[in-house]
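J.: One structure is given below, represented as structure tokens, and several questions about it will come after.
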Amino acid sequence: MKYALVLLTVFKQPFYLLLTVLLSIVVFTVAVWLPSFQLISIVSQTASLSELLSLLWSLYGAIGSNFSTTSATYTIMIAVLFGMNASLLTYYIRRMRTGSPNVKGVGVTGIGGLVSGVFGIGCAACGTFIFTSVLALFGVGGILAYLPFGGEEFGFLGVALLVYSVYSLTKKITDPLVCPI
Amino acid sequence: MEEQINSKQPNQFLIPVAILIAGLFVAGALYFSGTGSGPAPVVNNGNNQPVAQAPEPTGSTDAVRLVGETDHIKGNPDAPIKIVEYSDFECPFCKRFHDTMNEVMDKYGDSGEVAWVFRQFPLEQLHPVKAQLAAVASECAAELGGNDAFWSFTDGYFADPSTGNNRTNQDVLIPELAAAAGLDSAQFSECLESGRHDERIAADSQNAIETGGRGTPWSVMIGPDGTTYPINGAQPLAAIEQLISIAQNTQ
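Residue numbers (numbering that gives the first Met the number 0), protein chains in the order written: chain A, 0 to 180; chain B, 0 to 250.
Now the structure itself:
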């Protein structure tokens, strides 16, 4: 209950709500446009601004066509959780600015969640997960064949780490401000 | 007291450093997913053995092979805009994109503005045996029944709700589709076992890789002025329509 109150306290403030929404949109946009970066680059050199903007807008539809239901779900969750995570971290650091912040654990977990999520997101079309490229870089691309969800595991891991990070930050915020002995 | 303050110094840099590291990971991931410097997919040579030396992906859509008489084309072969799709019969996203392309052809096909060129790109690692068999079967349909039989087989395969993800019951479906296309079953069986289309399928797949394809569906749209546009994955109908509009305006 007290954790819910903390979340309410933070996100009732327009600054943190706006920060969360903006960061969530940025992460979501990168995930959906990721497979089309090369196309966007080519079109931006020849098309008018209005044509480019229309194309960019239409590419958001890829969340329905270019993602499985599972990958679309965790991509949206990662985007929202990342936005929340960054806002809570900002709130915590600002509040503790005069104290002695110890955000080591939550910071690393949050970053780990983002990195893991990034490996899992991207175009879910057959064989094009980012993780496929990264694994192949280390010469172990074949390991995907042994993963039951073909690489989507890293999306789940990203969600789990970000949820834990949000929980940890919320818990830290509720901790009383005391000087360590 | 001063010692205690100094001992806290590393924590001040922990978050920025962690963000920097994460940024490098993200940048690396974007780089390796977007420039075609990633792995070459395993190309099937027909015997379900990887081809020894698949070419490294160059990421250049200009490497798309010229559309010719041997291609499977829906619509006007001389259309100013050609969408060359490299597809895997067992890929569920190819199934979605097949529907999208049929809608594109419903809108732009009759006027002769757009042609759809279908090339093979079976992903052996993801859909072993079945993707290759379906590709061979579609080529046999084309050999024995021409372009109409090819599209009858291909449309039928993707339209069947039980196909995809390497779970298709091909023993039942392929003969059914061959019969529906009016093909002789004995000749069709002989063709399936002959292996004579393996080279063509491997060539299509290698061309997909040369153009930057690392997954399916992968498409290259060729505009009226020869500009090539990569279409990665099952992009939505609205995006394809917008891209056609952009290509038309660059004439």
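Heads up, the beta-carbon is just placed ideally off N, CA and C, and yes, glycines get one too.
Inspect the beta-carbon positions of B/E189 and B/A133 and report whether they are closer than 8 angstroms.
T.: no
J.: Just to confirm before moving on: does the CB-CB distance between B/A233 and B/L182 stay below 8 angstroms?
T.: When the beta-carbon positions are compared, B/A233 and B/L182 stay at least 8 angstroms from each other.
J.: Could you name the residues of chain B that A/V5 contacts, counting a contact when the two beta carbons are closer than 7 angstroms?
T.: Contact of A/V5 with chain B by beta-carbon distance below 7 angstroms is absent, the smallest such distance being about 20 angstroms.
J.: Tell me whether A/W56 is buried or exposed, calling it buried when 16 or more other Cβ atoms sit within 10 Å of its Cβ.
T.: exposed
J.: If contacts are defined as beta-carbon pairs under 8 angstroms, then B/W217 and B/Y85 qualify, I think. What distance do you get, rounded to the angstrom?
T.: 5 angstroms
J.: Would you please verify whether the beta carbon of A/V42 is less than 8 angstroms from any beta carbon of chain B?
T.: yes
J.: When DSSP labels each residue in this structure, what does B/E138 get in the three-state scheme?
T.: helix
J.: Who are the Cβ neighbours of B/N165 in its own chain at under 6 angstroms, not counting the five residues just before and after it?
T.: E89, H126, K129
J.: Going along chain A in order, which residues have a C-beta closer than 7 angstroms to the C-beta of B/I230?
T.: Ordered by position in chain A, the residues that pass the 7 angstroms Cβ test against B/I230 are L38.
J.: For the region 4–60 of chain A, list the beta strand (DSSP E) runs that are entirely contained and at least 3 residues long, ordered along the chain.
T.: none
J.: How would you list, in chain order, the residues of chain A whose beta-carbon sits under 7 angstroms from the beta-carbon of B/L132?
T.: Those do not exist, as B/L132 stays about 17 angstroms from chain A at its closest Cβ, beyond 7 angstroms.
J.: A/A46 touches chain B at which residues, Cβ-Cβ below 8 angstroms?
T.: In chain order: I245, N248, T249.
J.: For chain A, check one thing: does any of its Cβ atoms lie closer than 8 angstroms to the Cβ of B/P174?
T.: no
J.: List the residues of chain B whose Cβ lies closer than 7 angstroms to the Cβ of A/G60, in chain order.
T.: P235, A237, A238
J.: For B/V171, which of helix, strand or coil comes out of DSSP?
T.: helix
J.: By how many angstroms is the C-alpha of A/V42 removed from the C-alpha of A/F14?
T.: 35 angstroms
J.: Under three-state DSSP, which class holds B/P229?
T.: strand
J.: Assign B/A78 to one of three DSSP states: helix, strand, or coil.
T.: coil
J.: Between B/F157 and chain A, is there a C-beta pair that is closer than 8 angstroms?
T.: no
J.: Are the beta-carbon atoms of B/L172 and B/T162 separated by less than 8 angstroms?
T.: yes
J.: Could you give the DSSP three-state label for B/A114: helix, strand or coil?
T.: strand
J.: Which residue comes first and which comes last in the alpha helix (DSSP H) that contains B/M104?
T.: 91–107 is the span of the alpha helix (DSSP H), which, as asked, contains B/M104.
J.: Could you check if A/G154 is buried or exposed, using at least 16 other CB atoms within 10 Å of its CB as the buried criterion?
T.: buried
J.: At a Cβ threshold of 8 angstroms, is A/E152 touching chain B?
T.: no
J.: Measuring alpha carbon to alpha carbon, tell me which of A/I172, A/L54, A/F81 ends up nearest A/I24.
T.: If we check each option's Cα against that of A/I24, A/F81 comes out closest.
J.: Shortest alpha-carbon distance to B/V116 belongs to which of B/Q241, B/P235, B/K81?
T.: B/K81
J.: Do the region 61–74 of chain B and the region 24–36 of chain A meet, that is, are 3 or more Cβ pairs less than 8 angstroms apart?
T.: no
J.: B/V83 and B/I239 - do their beta-carbons sit closer together than 8 angstroms?
T.: no
J.: According to the neighbour-count rule (16 or more other Cβ atoms, all chains shown, within 10 Å of its Cβ), is A/S164 buried or exposed?
T.: buried
J.: At a Cβ threshold of 8 angstroms, is A/N65 touching chain B?
T.: yes
J.: Give the single residue among A/A71, A/L52, A/S40 whose Cα lies nearest to the Cα of A/A30.
T.: A/A71
J.: Would you please verify whether the beta carbon of A/P34 is less than 8 angstroms from any beta carbon of chain B?
T.: yes
J.: Helix, strand or coil for B/M220 per DSSP?
T.: strand
J.: Listing by chain order, which chain B residues have their CB less than 7 angstroms from the CB of A/S53?
T.: For the C-beta of A/S53, the chain B residues within less than 7 angstroms are, from N- to C-terminus, Q241.
J.: For B/R213, count neighbouring Cβ atoms within 10 angstroms of its own Cβ and tell me buried if that reaches 16, exposed if not.
T.: Answer is buried; the Cβ neighbour count reaches 16.
J.: Are B/T226 and B/V219 close, meaning C-beta to C-beta below 8 angstroms?
T.: no
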